[in-house]
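Here is the structure we will look at.
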Amino acid sequence: MAELNPETTRNQAEKAIFAAQNLKDLERIFSYYLGKKGEVKKFFEKLKTVPAGQKKDWGMEANELKVFLEKEIAERKTVLEKSSSRRGKKKFFDPDRPGRKPEIGHLHPLTQAKREIISIFTSMGFNVALGPEIEDEWHNFDALNIPKDHPARDAWSTVWVKSSGEKQLLLRTHTSPMQARYLETHQPPLRIIVPGKVFRYEATDTSHEAQFYQLEGLMVDRSVSAANLKAVIGEFFKRFFGQDLRFRLRPDFFPFTEPSFEVAMTCLACLGKGCSVCKKTGWLEMAGAGMVHPNVFKACGLNPKEWKGWAFGFGWDRLAMMKYKIDNIRLFNSGDLRFLEQF
Amino acid sequence: MKFSYLWLQSYFKKKLPSPDKLAEILSDHFANVEKIKKDKGDFVLDIEIRPNRAGDCFGHWGVAREIAAILRLPLNLPSPTLRKDKREKTGSLVALEINDSRACPRYSTIVIKEVRVGPSPLWLKKRLEVCGLQSINNIVDIANYVMLETNQPLHAFDWEKISEETNKKTIIVRFAKDGEKMTTLDDKTYELSEDILVIASQSGPLAIAGIKGGRNSGIDGKTKTVVLEGANFNPLVIRRASQKLKLKTDASWRFEHGLSPDLIEPSLERTAQLIQEIAGGKPAKEIVDFYPVKRKATLIKLETSIIGSLLGIDIPSKEVKRILVSLGFKIKATAGFLLVETPISRVDISIPENLVEEVGRIWGYKNIPYQPPAVLLLPPLENKDVFWEEKTRDSFAKAGFSEVWNYSFLQNKAAKTFGFKKENLVELENPLDENRPYLVPSLLPSLLANVAFNSKFFKTVKIFELGRVFFRNQDAKLSEERRVAAAVWGKGEQGFWELKGCLELFLSELGIVDFDCEKTDRSDIFDKGGVFKIKAGRETIGNFGKLRTDIEKLLEIDGFVFALEMNFEKLTPLFSSEKIYHSLSKHPPTKRDLALLVPTKTRAKEILSLIESLKIPVLSKTELFDIYQGKELPEEKKNFAFRLTFRSKEKTLSSEEIELALGKIIKAAEVRGWKIR
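Chains as they are written, first to last, in the numbering used here: chain G, 116 to 458; chain P, 45 to 721.
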């Protein structure tokens, strides 16, 4: 048996009083603490054995405890009496009052979009791969048939890492280097998607970021066509946006695909009528795509006569913007909870 | 790039569709038309010509050929008819001296005498202006006009000004000497170097090759004899010079993309013809041509079956041929495959796939059907990295933490505040913002900035991030590492326990049971008195503590911030998703409380591990429910109160059995000097 401690008794009693749900409970608590053989009584009994010097303090503490508990029990009694009489009167209960909000955390909208994207593509047999954000020139450019010192490379304004003797490194300008990395290490047939952070040396505004997010897709097999690409993209749009969307392929140029396509879909903001979001065209550019260029296969040690493939690069952030109607791309990297807590 | 609608129309007898319609058609089959603008009674089509088509479509002829192929219209490009002066030979007026045919694969020139320099006719001015060029004089304007037509940059020199007393001038193509200077037509002086190619006379440079002409040899009102230059330069040489001199011109832009040397002849003739018509000159009899290695026609063997296999549509072979021919290709043979010769200007075409694109886009990508891939049903493998990342996010969110994503760039100021050493940071060659020259070596600086920002709008802030950090270790080797970090603000000292609770939840949800918080004093971010190493087994996986007070002040955060950061790469191998069900016992549990008087510095962990080490089978749970320190206790002592739950799966425990187990614990505790109260 532990020694008598007014503090402990006080705490325990306080909890019990607060937990009492009806007058009967409260009565039981009263007799346990303040009854003839109650806990408080023990303090006064002990008074006799306490050394003379501590008697005054001990007595005061015991008395304080008694007064405190009497007051607490009386207060609780009024509360319980009121509530029981209220129940008796069937007082109006208003269910429209807001419930108590639990404290929850919110996942970033790009995390939420990514999970949907991954689940759609895994259901179509795609693996998910991740790659480094600091890349070498070979994987970011050369392996993708983007020659050094060619103006085609200018389309990817690059942020370079200051070298300290190692090979020239850069912040990846797209997720496409993972095409090369994956093909170097995996035997086709294969189907992958690669969500990732990318960087460009570019000025930012509400629709452009220097640090943004892409979704790469790659399918390689013995016989693969643009018609397959169209079917997969169509299925993805349908499931991600929850509606059968119109989209189109138009000619475009990427050194690592041939033929190359620009993928645009009906603007969701105006459903194709033309608005400020789509610059009055009714269409939104969502991805670049195309059939894997034979030079990419060669660079990765695969025979382009044997293997065919297609690839796409979506704006992962653009997909999220369209889905959640976000009008400023910079919000994603803002850390602003007023934005994040809406998801 | 800007194109004139009326100019394009001039190559067709039939009326073209309206500018809007034409733009739509071009976008569907060729290249995106960004804008259409009405200008001087004409329409400007702003077309995004992609770099692969720079060889032919930076000129109106190229785009006109596209229109002809798409709309199946006959194309009428002008074929120049020159009335050449039979007595005068170009060769007797100029000589060429070119020693680097790699830098300059072709150089051709024709001399035109008796020209009358003056303003251009209105139609010519208008066309240049619609395309964004300024009119200068008829000779220069004609050279520019032909460039906009055929894509070949041309340059005109004043023959008299090529300084030599003789009646035969020598044009030299050579690399500049270091320190050599040249003043261009627009009166700017450039210092040249050994990697910059120039066109020169005996006495010095006349032009920066492929980029800009010199003032000393330019056409002016007194010019009588014009030397027309049509040349082909190595794209790399021009690109490097243009970058070095920071001088980008219509000519350099075209050359750096790579042009066919065979564009030169038709372009020179066209220019001479227009000069003759407009400025009344007399072209000399022949073109002086330096062209040591003639470009061979490119022949491609096209198995027509690959069109169907790549695009997924069958295009009738008659159509394939029609499309190729209309784009200027020649079909040399048909024998199960097509032997295709590329047009001179199409330097971008070299493999069958290129031809598939040509045929496919003209035929129309909208005709490609939807066809789900027919492949082996290989179920995808779960990416474990992604799996654990997402599980981690869920766990933090469950504990009430919201997820933030931050920039990967670190401010100079933050580097100082958080005590990162420069040699450990990854610095950028060309940072987007001078004040953010590094990559983040930790997620905390940004996360804490987020706390500061959000503290203006919220009473409490609980956030986390899972992302990558970058740093250099001792031997300067670069590392990229995934981390997870979290912070709590607005909960006073209670924040510590909220964060610790979250950490415990996270670790237990991801299957890490063996974890410990060990006091340390090594940290630049946390308060010396309140920082802990997070350990899983023997491995330190991160840090955890109260943010340094001076940093809180610096970030203008009012109140305590508690934060943690863990190395995700070290955590990953420890994760486990295994869950084992412990069957519920039918027999009732018995609870006993145990109060221990221990020295103040004793950690609860020590007692818990002692109890655990006794391996008492009937002890199913040990919880610490109270720590008490008060004046009635002896000095330097505190009281731990544990609640022990005893339970057996087989039977109801007797009080003897419980006392026996309890006795073991008490004995072991007493051996350690802990007093039972």
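A virtual CB, placed ideally from N, CA and C, is assigned to each residue, including glycine. Just so you know, these numbers come straight off a predicted model, no measurement behind them.
- For the beta strand (DSSP E) assignment, the uninterrupted runs of no fewer than 3 residues enclosed by the region 502-553 of chain P are, from N- to C-terminal side, 505-516, 522-533.
- When C-beta distances to chain P are compared with 8 Å, the residues of the region 387-420 of chain G below that value are 406, 408, 409, in chain order.
- Under the three-pair Cβ rule at 8 Å, the region 422-442 of chain G counts as touching the region 329-346 of chain G.
- Sequence-distant Cβ neighbours of residue 468 (chain P) in its own chain, meaning closer than 7 Å and more than five residues away, are 485, 515, 516.
- Beta bridge pairing from DSSP links residue 561 (chain P) with P:578.
- Around the beta carbon of residue 450 (chain P), 16 or more other beta carbons lie within 10 angstroms, which makes this residue buried.
- The Cβ of residue 298 (chain P) sits no closer than 8 Å to any Cβ of chain G.
- The three-state secondary structure of residue 289 (chain G), taken from DSSP, is coil.
- Contact holds between the region 338-357 of chain P and the region 376-384 of chain P, because three or more Cβ pairs, one in each stretch, are under 8 Å apart.
- Counting along the chain, residue 469 (chain P) sits inside no alpha helix (DSSP H), nor does DSSP assign it H or E at all.
- Assigned with DSSP and collapsed to three states, residue 169 (chain G) falls in helix.
- DSSP, reduced to helix, strand and coil, places residue 356 (chain P) outside both helices and strands of the structure shown, so it counts as coil.
- Per DSSP, residue 489 (chain P) is one residue of the alpha helix (DSSP H) stretching across 488-498.
- In this model, residue 717 (chain P) and residue 557 (chain P) are separated by some 28 Å (Cα to Cα).
- The region 360-442 of chain P contains, as complete beta strand (DSSP E) runs of 3+ residues, the segments 374-378, 381-385 (chain order).
- No Cβ-Cβ contact shorter than 8 Å links residue 605 (chain P) with residue 541 (chain P).
- Take residue 170 (chain P), set aside five residues on each side of it, and the residues of its chain with a beta-carbon closer than 6 Å to its own are 84, in chain order.
- Here DSSP, grouped into helix, strand and coil, assigns residue 302 (chain G) to coil.
- The beta carbon of residue 73 (chain P) sits closer than 8 Å to some beta carbon of chain G.
- By the neighbour-count criterion, in which 16 or more other beta carbons inside 10 Å mark a residue as buried, residue 410 (chain G) falls on the buried side.
- From the beta-carbon of residue 415 (chain P), the residues of chain G found nearer than 8 Å are 340, 342, 343, 345, 346.
- With respect to the 8 Å criterion, residue 341 (chain G) and residue 206 (chain P) are not classified as neighbours on the basis of their beta carbons.
- By the Cβ-count criterion, residue 626 (chain P) is exposed, with fewer than 16 other Cβ atoms from all chains shown falling within 10 Å of its own Cβ.
- Counting other Cβ atoms within 10 Å of its Cβ, residue 416 (chain G) stays below 16 and is therefore classed as exposed.
- For residue 423 (chain G), the three-state secondary structure derived from DSSP is strand.
- As far as DSSP is concerned, residue 114 (chain P) takes part in no beta bridge.
- Just measuring C-alpha positions, the residue of P:423, P:522, P:568 sitting nearest residue 237 (chain G) is P:423.
- Counting only runs of 3 or more residues that sit fully inside the region 209-241 of chain P, the beta strand (DSSP E) segments are 213-219, 225-227, 233-235, in chain order.
- Take residue 333 (chain P), set aside five residues on each side of it, and the residues of its chain with a beta-carbon closer than 6 Å to its own are 152, in chain order.
- Setting aside the 5 residues that flank it on each side, residue 108 (chain P) is surrounded in the same chain by 52, 55, 56, 119, 121, each with a C-beta closer than 8 Å to its C-beta; the list follows chain order.
- For residue 234 (chain G), no chain P residue has a Cβ inside 7 Å of its Cβ, as the nearest lies near 11 Å away.
- In summary, the residues of the region 243-268 of chain G whose CB is separated from some CB of chain P by less than 8 Å are 243, 244, 245, 247, 248, 249, 264, 265, 266, 267, in the order they occur in the chain.
- By the beta-carbon neighbour count (other beta carbons within 10 angstroms, threshold 16), residue 276 (chain P) is buried.
- Assigned with DSSP and collapsed to three states, residue 329 (chain G) falls in strand.
- Assignment of residue 332 (chain P) by DSSP, reduced to helix, strand and coil, places it in the strand class.
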